[in-house]
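Engineer: Before I ask anything, here is the structure I am working with.
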Amino acid sequence: MGRLGLCLKNLGRHGWRTRVILFIALFGAFLTFVSENIIEDISIKQSEMFGRSSVGHFRILNAGIETENTFGYYFYEPSEMLGPEAIASVKAFLATLPEVTGARERIVFNGVYYNDEDAERGFNGIAMDMADFDRDFTDLYYAKGARLASGEADACAASWYEYEQEKSVDIGSRYVFLLPNRNGEFVDRYLSVKGGIDFKTMPKETMGFNAMFFDLAGFRAAVGYDEPAASEVIGFLADSRTMGKVIPKIETFLAASHPELKVVSWREYAPIMSEMVIGFDAMMKAVETILIVICVLLVFKLTTFSIIERYSEIGTMRALGFTRTDIALQFALEGFLVIAAGAAAGCLLGAGLIALLHETGIRNSLTFFEYVIGHGFNPSLHADKISRVVAVFAAVAALSPLLPAIRGGRLSILKTLEKR
Amino acid sequence: MNMAMTRHGNGIRIRGLRKDYKLGSTIVSALRDVDLDIEPGSFVCVAGPSGSGKTTLLNIIGLIDSPTSGSLTVAGVDLRSIPERETNRYRSRTLGFIFQTFNLLPVLTVYENIRLPLLLHKEVSKEEKRDRVIELAEAVGLADHLEHKPAELSGGQRQRVAIARALVTRPSIILADEPTANLDSVTGNEVLELMEGINESRGTTFVFSSHDPSIMQRARRIVRLHDGRIEAA
Numbered sequence: 003m004g005r006l007g008l009c010l011k012n013l014g015r016h017g018w019r020t021r022v023i024l025f026i027a028l029f030g031a032f033l034t035f036v037s038e039n040i041i042e043d044i045s046i047k048q049s050e051m052f053g054r055s056s057v058g059h060f061r062i063l064n065a066g067i068e069t070e071n072t073f074g075y076y077f078y079e080p081s082e083m084l085g086p087e088a089i090a091s092v093k094a095f096l097a098t099l100p101e102v103t104g105a106r107e108r109i110v111f112n113g114v115y116y117n118d119e120d121a122e123r124g125f126n127g128i129a130m131d132m133a134d135f136d137r138d139f140t141d142l143y144y145a146k147g148a149r150l151a152s153g154e155a156d157a158c159a160a161s162w163y164e165y166e167q168e169k170s171v172d173i174g175s176r177y178v179f180l181l182p183n184r185n186g187e188f189v190d191r192y193l194s195v196k197g198g199i200d201f202k203t204m205p206k207e208t209m210g211f212n213a214m215f216f217d218l219a220g221f222r223a224a225v226g227y228d229e230p231a232a233s234e235v236i237g238f239l240a241d242s243r244t245m246g247k248v249i250p251k252i253e254t255f256l257a258a259s260h261p262e263l264k265v266v267s268w269r270e271y272a273p274i275m276s277e278m279v280i281g282f283d284a285m286m287k288a289v290e291t292i293l294i295v296i297c298v299l300l301v302f303k304l305t306t307f308s309i310i311e312r313y314s315e316i317g318t319m320r321a322l323g324f325t326r327t328d329i330a331l332q333f334a335l336e337g338f339l340v341i342a343a344g345a346a347a348g349c350l351l352g353a354g355l356i357a358l359l360h361e362t363g364i365r366n367s368l369t370f371f372e373y374v375i376g377h378g379f380n381p382s383l384h385a386d387k388i389s390r391v392v393a394v395f396a397a398v399a400a401l402s403p404l405l406p407a408i409r410g411g412r413l414s415i416l417k418t419l420e421k422r
Numbered sequence: 024m025n026m027a028m029t030r031h032g033n034g035i036r037i038r039g040l041r042k043d044y045k046l047g048s049t050i051v052s053a054l055r056d057v058d059l060d061i062e063p064g065s066f067v068c069v070a071g072p073s074g075s076g077k078t079t080l081l082n083i084i085g086l087i088d089s090p091t092s093g094s095l096t097v098a099g100v101d102l103r104s105i106p107e108r109e110t111n112r113y114r115s116r117t118l119g120f121i122f123q124t125f126n127l128l129p130v131l132t133v134y135e136n137i138r139l140p141l142l143l144h145k146e147v148s149k150e151e152k153r154d155r156v157i158e159l160a161e162a163v164g165l166a167d168h169l170e171h172k173p174a175e176l177s178g179g180q181r182q183r184v185a186i187a188r189a190l191v192t193r194p195s196i197i198l199a200d201e202p203t204a205n206l207d208s209v210t211g212n213e214v215l216e217l218m219e220g221i222n223e224s225r226g227t228t229f230v231f232s233s234h235d236p237s238i239m240q241r242a243r244r245i246v247r248l249h250d251g252r253i254e255a256a
C-alpha cells in the first residue's frame with residue numbers, strides 16, 4: 003500500500019460526502035462534455051446544413067439598401083441591383099478567400115399571386131440557381147412535390163413554414179404570379195408550384211409559406227431580364243465561426259473596388275438569430291460555470307469537513323514523521339481522485355449519449371429544429387472539446403481541494419493530537 | 024545538520040527546560056527548569072498526577088511541542104536548532120510514538136497500520152518492509168490478525184498494533200504517553216510486558232508516562248514530576 007492506496011482507502015470512509023462530490027463532478031462533466039461537443043456540432047451544422055441558409059453565409063448588395071431586421075427580404079430600387087461586371091468581380095474576389103466555399107448571385111424580391119378565390123396575396127421571392135440549391139440548403143428542400151429544375155421558367159417552389167391558410171398554395175396547382183422584371187415593373191405569369199421546402203414535415207397538402215423559390219435563369223427568362231443582374235451575391239462559409247474573420251476582408255475589398263456595395267451578415271438582418279445563438283451558447287456556458295463553481299465549493303467544503311473529522315489522524319501521521327506537504331498532498335489527492343472519478347464517469351456517459359445520438363439521430367419530429375436535427379444532426383466527439391472538458395475538470399479536481407488540503411497540512415501537531 | 028544518530032546511542036539530555044502557556048493574561052508553567060538525562064536503552068516512566076507536565080515533557084522530547092526555553096539534545100544534537108524538515112526526519116527515524124488512544128487509522132488493516140511509517144522509508148525494500156511488519160506482528164501476538172481493521176480488535180490488541188507501528192522503523196527511542204490508560208489492568212500489564220521485552224531484546228529506549236503505581240513499578244527508572252518540576256529522577 004502506497005500513498006495512492008492510502009488515499010483510495012480513505013475515500014470509502016466519507017460515505018455520502020464522497021458520493022455527493024462524485025455525483026456533482028459526474029453531472030458537471032456530463033453536461034459540460036455533452037454541451038461542448040453538441041455546441042461544436044451545432045456550429046458545424048450551422049455551416050453544413052440549415053445554418054448555411056441562415057447563419058453560415060453573408061450577402062453583398064448595394065450599400066443603400068436597408069437590411070437591418072429584414073430577415074433578408076429587403077426592398078430596393080432596380081437601379082440598386084448588381085450588374086454582371088460587379089457580380090463577376092465580387093465572385094472572383096470571394097473565390098480567393100479560403101473560408102468561402104461558394105458564391106452566387108440571387109434576386110430577392112416581393113411578388114404577388116392570386117389564390118383560388120382570386121384574392122391577391124403578397125409573398126417574398128428568391129430567385130437562385132437551383133442546381134446549387136441542394137448543396138447550399140442540403141436536405142431542407144422538396145419535402146413535398148417534385149424538384150424545381152435548373153433553368154425551369156414556368157414553375158416555382160414554396161418554403162412552407164407558416165401555417166397561415168391565407169397564404170397557401172397547392173402542390174402541382176398553377177397560379178397567376180405578378181413578378182418584377184429588371185425595371186421593377188410587375189409582369190403576370192401563370193406558373194405552377196412544383197413542390198416545396200417543408201420545414202415542419204407536416205402531412206398537409208396545402209400549407210402556408212413564407213417564401214417562393216424560383217430558378218434564377220428561369221426567373222430571368224420568365225420576366226424578360228435584359229441583363230443578368232441580381233440584387234445580391236450570397237457567399238457561403240465552410241465554417242460559420244469564421245464570419246468575423248471573413249467580413250473585414252470583404253469590406254476592405256469593397257471599399258477599394260466597389261464602394262457602392264456593402265457586405266452584411268445574418269447578425270444584421272436577422273439579429274434574433276444572433277441573439278438566439280449567443281443566448282444559447284451563453285446559457286450553456288453559464289450552466290457549465292455554475293456546475294463547476296458548485297463542484298469547487300462543495301469539494302472545498304467537504305474536504306474541510308473531512309480534515310476536521312480527521313484531526314487526530316493528521317496529528318498521528320505528523321507524529322510518525324509525515325511532513326506538512328505529505329498531509330496536504332494526501333487530502334489534495336483524495337479530493338482529486340473523487341472529482342476525477344466523477345468527471346471521468348460523466349465524460350464517459352456523455353460520450354455514450356453522443357455516440358447514441360450519432361447512431362440514431364432524432365426522427366419523426368414535428369418542429370423545425372427537431373426536423374433539422376432529425377435529418378442529419380448526428381453529433382460526434384471532438385478531440386479539442388474532449389481535451390477542454392478534461393482540462394477543466396482536471397483543474398477543478400486539482401485546485402478545489404488544494405486550499406483546505408494545505409490548511410490541513412499546516413495544522414499544529416499538538417492541536418490535532420489534542421482533538422483525540 | 025547531520026541527523027544520522029547511532030541506533031542505540033541516542034541519549035537524551037535536557038537542560039533548563041521550561042514550558043509556559045498563556046491562558047488569557049495568566050501564564051501557566053507546565054514545565055519548570057527540568058534537567059534530565061536518559062541513557063540509551065533505558066526503560067523510564069515519567070510519573071506524576073494529572074497536570075504535572077508528563078505529556079508536555081514527552082511532547083517536547085517528541086518535537087510535537089516546543090519549549091519556552093532550555094535545551095534538548097539527542098545524541099549530541101540540539102534539537103531546538105534543527106529546521107522543520109529535520110524534525111520530521113527525527114520523528115520518522117529516531118522516534119516511535121505510542122498514544123493513549125492508540126491512534127490507528129481506521130481504514131487500514133493491522134498490516135497496513137504497522138507498515139504506515141515505512142511509507143517514508145524509501146530506502147527499505149518492499150520485501151524488507153513486509154518482513155518487518157510480519158516479524159513485529161508475530162512479536163506482539165497479532166500475526167493472525169493482519170487483515171483485521173482496528174474496529175475488529177480489542178483495546179489491548181489495538182495498543183499492540185500501535186507498539187508494532189512504533190517499532191517498525193527501528194527507532195532508538197519510543198515515547199509512550201499513558202499507553203495503558205485506556206486498558207484494563209490485565210491488558211495493561213501485558214502491554215507493559217511487551218514493551219519490557221522489546222526494550223531488553225532490542226535495546227530500544229522507552230520513555231512512557233503513567234500515574235498508575237502498578238505500571239510505574241515496572242519501570243527501571245521513575246522520573247517523578249509535580250507541578251512541572253522533577254521531584255525525583
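Respectively, the protein sequence lines represent chains D and P. Under this note's numbering, the first residue of the first sequence carries the number 3, and numbering increases by one thereafter. Under this note's numbering, the first residue of the second sequence carries the number 24, and numbering increases by one thereafter. Beta carbons are placed, not taken as given, at the ideal position from N, Cα and C, and that holds for glycine.
1. Should the segment 273-287 of chain D be regarded as contacting the segment 97-110 of chain D, the criterion being three or more beta carbon pairs within less than 8 angstroms?
2. Please list, in chain order, the chain D residues whose beta carbon lies closer than 9 angstroms to that of Phe120 (chain P).
3. Go to Pro182 (chain D), then tell me how far its beta strand (DSSP E) extends in each direction, as first and last residue.
4. With 7 angstroms as the C-beta to C-beta threshold (strictly closer), list the residues of the segment 191-206 of chain P near chain D in chain order.
5. Short of 9 angstroms Cβ to Cβ, which residues in the segment 160-191 of chain P face chain D?
6. Candidates P:Leu198, P:Phe229, P:Ile253, P:Arg181: which alpha carbon is nearest Leu206 (chain P)'s?
7. Between which two residues does the alpha helix (DSSP H) carrying Asn111 (chain P) extend?
8. Under 8 angstroms between the Cβ atoms of Arg183 (chain P) and Val67 (chain P)?
9. Keeping to the same chain, check which residues put their C-beta closer than 7 angstroms to that of Thr72 (chain D); ignore five residues upstream and five downstream.
10. For Asn185 (chain D), count the other beta carbons within 10 Å of its own beta carbon; 16 or more makes it buried, fewer makes it exposed. Which is it?
11. Where does Ile121 (chain P) sit, in a helix, a strand or coil, going by DSSP?
12. To the nearest angstrom, report how far apart Ile309 (chain D) and Phe333 (chain D) are at their CA atoms.
13. According to the Cβ coordinates, are Gly164 (chain P) and Phe120 (chain P) closer than 8 angstroms?
14. When the Cα of Thr290 (chain D) is compared with those of D:Phe395, D:Ile252, D:Ser314, which residue comes out closest?
15. Can you tell me where the alpha helix (DSSP H) with Lys45 (chain P) in it begins and where it stops?
16. Hey, is the segment 153-161 of chain D in contact with the segment 221-231 of chain D, meaning 3+ C-beta pairs nearer than 8 angstroms?
17. Name, please, each residue of chain D whose Cβ falls closer than 7 angstroms to the Cβ of Arg103 (chain P).
18. Anything in the segment 131-143 of chain P with a Cβ closer than 8 angstroms to a Cβ of chain D? List those residues in chain order, please.
19. Determine the burial state of Asp88 (chain P): buried for a count of at least 16 other Cβ atoms within 10 Å of its Cβ, exposed for fewer.
20. Please classify Thr20 (chain D): is it buried, with 16 or more other beta-carbons within 10 angstroms of its beta-carbon, or exposed?
21. Which class does Asn366 (chain D) belong to by DSSP, given the choice of helix, strand or coil?
22. Is Ser194 (chain D) helix, strand or coil when you go by DSSP?
23. The alpha helix (DSSP H) that contains Glu161 (chain P), what's its start and end?
24. How many whole angstroms separate the CB atoms of Arg155 (chain P) and Val191 (chain P), which I take to be in contact at a CB cut-off of 8 angstroms?
25. When you compare the CB of Glu315 (chain D) with every CB in chain P, is at least one pair closer than 8 angstroms?
26. Is any beta-carbon of chain D found at less than 8 angstroms from that of Arg41 (chain P)?
27. Under a Cβ-count criterion, where at least 16 other Cβ atoms within 10 Å of its own Cβ denotes burial, should Gln123 (chain P) be classed as buried or exposed?
28. Pairs of beta-carbons, one from the segment 138-145 of chain P and one from the segment 88-105 of chain P, closer than 8 angstroms: are there three or more?
29. Is the distance from the Cβ of Lys264 (chain D) to the Cβ of Ala65 (chain D) below 8 angstroms?
Structural biologist: The short version:
1. no
2. Within the second sequence, the letter at position 97 stands for residue 120 (chain P). Ordered by position in chain D, the residues that pass the 9 angstroms Cβ test against Phe120 (chain P) are Thr318, Ala321, Leu322.
3. Translated into the one-based positions of the first sequence, residue 182 (chain D) becomes position 180. Boundaries of the beta strand (DSSP E) harbouring Pro182 (chain D): 176-182, taken from the DSSP string.
4. none
5. Listed by position, the residues of the segment 160-191 of chain P near chain D (Cβ gap below 9 angstroms) are Arg188, Ala189.
6. Stepping through the second sequence from its first residue, residue 206 (chain P) is reached at position 183. Of the listed residues, the one whose Cα sits closest to Leu206 (chain P) is P:Arg181.
7. Locating residue 111 (chain P) in the second sequence gives position 88, where the first residue counts as 1. It spans 107-116 - the alpha helix (DSSP H) in which Asn111 (chain P) sits, taken as one unbroken run.
8. For the purposes of this step, residue 183 (chain P) is taken as the residue at position 160 of the second sequence. For the purposes of this step, residue 67 (chain P) is taken as the residue at position 44 of the second sequence. The answer is no: Cβ separation not under 8 angstroms.
9. Mapped onto the first sequence, residue 72 (chain D) falls at position 70. Answer for Thr72 (chain D): Tyr271, listed in chain order.
10. Sequence index remark: in the first sequence, residue 185 (chain D) carries index 183 (1-based). Answer is exposed; the Cβ neighbour count stays below 16.
11. Working through the second sequence from its first residue, we reach residue 121 (chain P) at position 98. It is a strand residue.
12. To locate residue 309 (chain D), count along the first sequence from 1; it is residue 307. To locate residue 333 (chain D), count along the first sequence from 1; it is residue 331. Roughly 8 angstroms between the two C-alpha positions.
13. On the second sequence, position 141 is the one that residue 164 (chain P) refers to. On the second sequence, position 97 is the one that residue 120 (chain P) refers to. No, these two residues do not count as a Cβ contact at 8 angstroms.
14. For the purposes of this step, residue 290 (chain D) is identified with residue 288 of the first sequence, where counting begins at 1. The sequence as given places Glu at residue 290 (chain D); Thr does not occur at that position. Nearest C-alpha to Glu290 (chain D): D:Phe395.
15. Indexing the second sequence from 1 puts residue 45 (chain P) at position 22. Looking at the DSSP string, Lys45 (chain P) is not in any alpha helix (DSSP H); the run it does join, the beta strand (DSSP E), is 35-46.
16. yes
17. Walking along the second sequence from the start, residue 103 (chain P) turns up at place 80. The contacting residues do not exist; Arg103 (chain P) stays about 16 angstroms from chain D at best.
18. Leu131, Glu135, Arg138, Leu139, Pro140, Leu142, Leu143: these are the residues of the segment 131-143 of chain P whose beta carbon lies less than 8 angstroms from some beta carbon of chain D, given in chain order.
19. Along the second sequence, read from residue 1 onward, the residue named residue 88 (chain P) stands at position 65. Buried, since its Cβ has 16 or more Cβ neighbours within 10 Å.
20. Start at 1 with the first residue of the first sequence, and residue 20 (chain D) comes out as number 18. So Thr20 (chain D) counts as buried.
21. In the first sequence, the residue the question calls residue 366 (chain D) occupies position 364. The predicted position of Asn366 (chain D) is uncertain, since its pLDDT is 36 and thus under 50; no value can be drawn from it.
22. Residue 194 (chain D) sits at position 192 when you count from the first residue of the first sequence. It is a strand residue.
23. Here residue 161 (chain P) is taken as the residue at index 138 of the second sequence, counted from 1. Element bounds for Glu161 (chain P): 149-162.
24. Taking the first residue of the second sequence as 1, we reach residue 155 (chain P) at position 132. Taking the first residue of the second sequence as 1, we reach residue 191 (chain P) at position 168. A Cβ-Cβ distance of about 5 angstroms is found for the pair Arg155 (chain P) and Val191 (chain P), placing them in contact under the 8 angstroms criterion.
25. For the purposes of this step, residue 315 (chain D) is taken as the residue at position 313 of the first sequence. Yes, Glu315 (chain D) counts as interfacial toward chain P.
26. Within the second sequence, numbered from 1, the residue matching residue 41 (chain P) stands at position 18. It does not: the Cβ of Arg41 (chain P) has no partner Cβ on chain D nearer than 8 angstroms.
27. Translated into the one-based positions of the second sequence, residue 123 (chain P) becomes position 100. Per the 10 Å Cβ criterion, buried.
28. no
29. Here residue 264 (chain D) refers to the residue found at position 262 of the first sequence. Here residue 65 (chain D) refers to the residue found at position 63 of the first sequence. Cβ atoms of Lys264 (chain D) and Ala65 (chain D): closer than 8 angstroms.
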